[in-house]
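Read the sequence shown against the working numbering and you will find it ends at 463, with the numbers running on by one and no gaps. Beta carbons: idealized from backbone N, C-alpha and C, even for Gly. All values derive from a computational prediction rather than experimental measurement.
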Amino acid sequence: MNENAADFDLIVLGAGSAGLGLSLFMARIKQRVLLIDLTAEDVGGDCLNHGCVPSKALIHASRQVHNARQATQFGLQVSGAADMGKVMDYVQGRQDIIRHHENPDYLRGLGITVEIGRPRFVGDHAVEANGQIYTGRKLVVATGSRPRQLDVPGADQVELYDNQRVWDLRTLPQRLLVVGGGPNGVELGQAMQRLGAQVTMVHRGEAILENEDPAIRAVLAERLRAEGLTIHLEAEVEAFTSASQARIKPKSGDSFAVDFDLVYVAIGRHVSFEGLQLEMAGVEVDDKGHIKLNEHLQTTNSDIFVAGDAANSLKFSHGAELHVRMLLFNFFSPLKKKLSYDHFSWVTFTDPEVAHFGLDAAELDKRGTAYERWETSFADDDRAVVDSYRDGHLLLFIEKNALPLPGRKRRILGGAMVAPGAGELIQELILANTSGLGISELFDKVYPYPVAARINQKLIVDHQDVSPLLQTALDVAFKLQ
Ligand SMILES: Cc1cc2nc3c(=O)[nH]c(=O)nc-3n(C[C@H](O)[C@H](O)[C@H](O)COP(=O)(O)OP(=O)(O)OC[C@H]3O[C@@H](n4cnc5c(N)ncnc54)[C@H](O)[C@@H]3O)c2cc1C
Ligand SMILES: NC(=O)c1ccc[n+]([C@@H]2O[C@H](COP(=O)([O-])OP(=O)(O)OC[C@H]3O[C@@H](n4cnc5c(N)ncnc54)[C@H](O)[C@@H]3O)[C@@H](O)[C@H]2O)c1
């Protein structure tokens, strides 16, 4: 097409984390942007409407309730149960604040053309929505992902909840069955248990948060069990035998029954491009229905890209942000960046939080990278002692230099932490990881006592060996002064 004749410089399908990030930047630098979403209420995507924001607000409320109960050890009298209506009012109130700057009118005020309707491709640079055809120089599919459904016998007789509808609850279920022990299941499961539900979790994998290192995830599992959650590992819902009973099948052993008042399904996400008519734009999908992409998130139509969950890689709001940054760079540069997760991080907002960054042991082994595994428990950390989180754990993968030349940096290749506020505590480690700083930069810092982040330095200090040569040099140097 004659690119200058296009109606828009950029057309974005989907106004979630990815779509908003792209549209806002492009509009800011005076490009003509068309952003299309299905309904006005969908603007903001899963993160605002059904994911990050409501789940973190629920976690906040549940932490207040939990902390109040913890304070009874100091003589405070706490009685009564959490009022789910009030909890959800709080959750919705937080969403409403963010909606002030994530809604069609606000975006239109910034110069973005926002169309509400169901789009479909009608040509290699053209989409149709509400009977109108729009052309764009570049187009991005940012239509997100959907919760996987639990398809087992008897499911039709049960009202299954997932992250799309759980925020409408007004009463706390007494017995909650959570299916899936990934980040979604553990975050919501712990929050509901703390609010007063009795939570049973049924998880297919051998451990909750399977993507985490065993030393890290074990701490969380123990804490969840100590708070009263029942966790069945290597187990699945075999069938629902009534509207309030599930039959659970463990990998080994006999099936057993679990009674519930409500089921929350958190078994992952899938992508779907139904109705988009991708074939009209020459955008090919593979046999699993995923759009074929190269390392620039470019489809088989070189002017059409995919961003966010729709790309079917790591599904995080800041994963969408990573995609957006790369696409924006590539839109304006003859040198193209490739998608890389080498410095990616994520946080599961349980208590304690589980934070993860850079490359893990499996990836380092796969790449044949030489590394050392350094780890420490928080048992003897002063701050952990006074604040009672001695079960915390920090793990770092440190570059191993075959030739330890003087001045050569030993970089932090990756790591993980489980501790209250771990997501904040690892930020300096992430900075070191992304900027290629060596461990000496952390070693040289003087941390105010007793900030929790001192643990980052402690791990490094604890691993400083004094070689016989250095020992001799120190002895001589001291005697000379
Ligand atoms: C319970 C839960 C908690 C989460 N918590 C976190 C967290 O704490 N931190 C984090 O980083 N990530 C979190 N995530 C993941 C995060 O929500 C997603 O990765 C993120 O929203 C993906 O952004 P996206 O733009 O790709 O998709 P979405 O945000 O889902 O946006 C896609 C948009 O496309 C629209 N759309 C769909 N189909 C069409 C169509 N055919 N045409 C036009 N528009 C369409 C949708 O209406 C939607 O608005 C959480 C997810 C869940 C489920
Ligand atoms: N803090 C965060 O950043 C955050 C929080 C919640 C969700 N998310 C994102 O949202 C997405 C969805 O989260 P999720 O936890 O649903 O997905 P997930 O795929 O990460 O975990 C789902 C888990 O459910 C298990 N499972 C699958 N089928 C099952 C079955 N039939 N019975 C029992 N267990 C089963 C799997 O083994 C898997 O570990 C993820 O991509 C995640 O990254 C992020």
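Is any non-hydrogen atom of ligand 2 found closer than 8 Å to the C-beta of residue i, if you look at the structure I gave you?
i	result
W328	yes
A221	no
N166	yes
E218	yes
Skipping 5 residues on each side, what residues in its chain have a beta carbon closer than 8 Å to that of residue i?
i	result
K427	Q439
L407	A337, M399, A401, A434, A435, I437, N438
Y88	H82
State the CB to CB distance for the pair residue i and residue j, rounded to an integer number of angstroms; the pair is presumed to be in contact (CB under 8 Å).
i	j	result
H325	T416	4 Å
M183	G163	6 Å
L377	G397	5 Å
F238	S226	The pair is not a contact, with the Cβ atoms about 15 Å apart (cut-off 8 Å).
F(-10)	Y116	6 Å
Can you tell me which of the options puts its alpha carbon nearest to the alpha carbon of residue i?
i	options	result
V314	I11, M183, D(-11)	The question names Val, but residue 314 in the sequence shown is Phe. Cα-wise, what sits closest to F314 is I11.
Q77	D133, I437, D150, T282	D150
R355	E335, L346, F379, K348	F379
G264	G1, L424, E194, A108	A108
K320	L310, V168, W328	L310
G27	A343, N85, A455	N85
T153	L202, L244, L121	L244
M70	G250, I41, A50, G91	I41
A302	A(-12), S(-1), A343	S(-1)
R251	L275, V267, G290, A217	G290
T332	R45, R372, I115, Q131	R45
S359	R372, R349, A352, K348	R372
M66	R90, V148, E192, Q131	V148
N49	F255, T454, D369, K270	D369
L177	P432, N31, A43	A43
F298	Y353, L17, I18, V35	V35
P232	T223, V240, E218	E218
Cβ-heavy atom distance between residue i and ligand 1 below 8 Å?
i	result
H300	yes
E169	yes
S37	yes
F(-10)	no
V25	yes
L258	yes
F287	no
H83	no
A404	no
In its own chain, which residues sit with a C-beta less than 6 Å from the C-beta of residue i, not counting the 5 before and 5 after it?
i	result
V15	L(-8), S5, M8, A9, I94
H185	G163, L215
E110	R102, V104
D106	A263, G264, N283
Q131	none
What does a CB cutoff of less than 7 Å around residue i pick up in its chain, not counting 5 residues either side in sequence?
i	result
G257	R100, R102
H272	V253, N294
M174	L158, V181
N166	N145, A248
I198	V336, H375, L377, A398, V400
N312	H278, K318, K319
A414	I394, E423, L424
R51	V60
A221	V134, P135, G136, R229
Would the C-beta of residue i count as close to ligand 3, meaning under 8 Å from any of its heavy atoms?
i	result
G290	With respect to ligand 3, the structure shown offers nothing to examine, as its ligands consist of ligand 1 and ligand 2.
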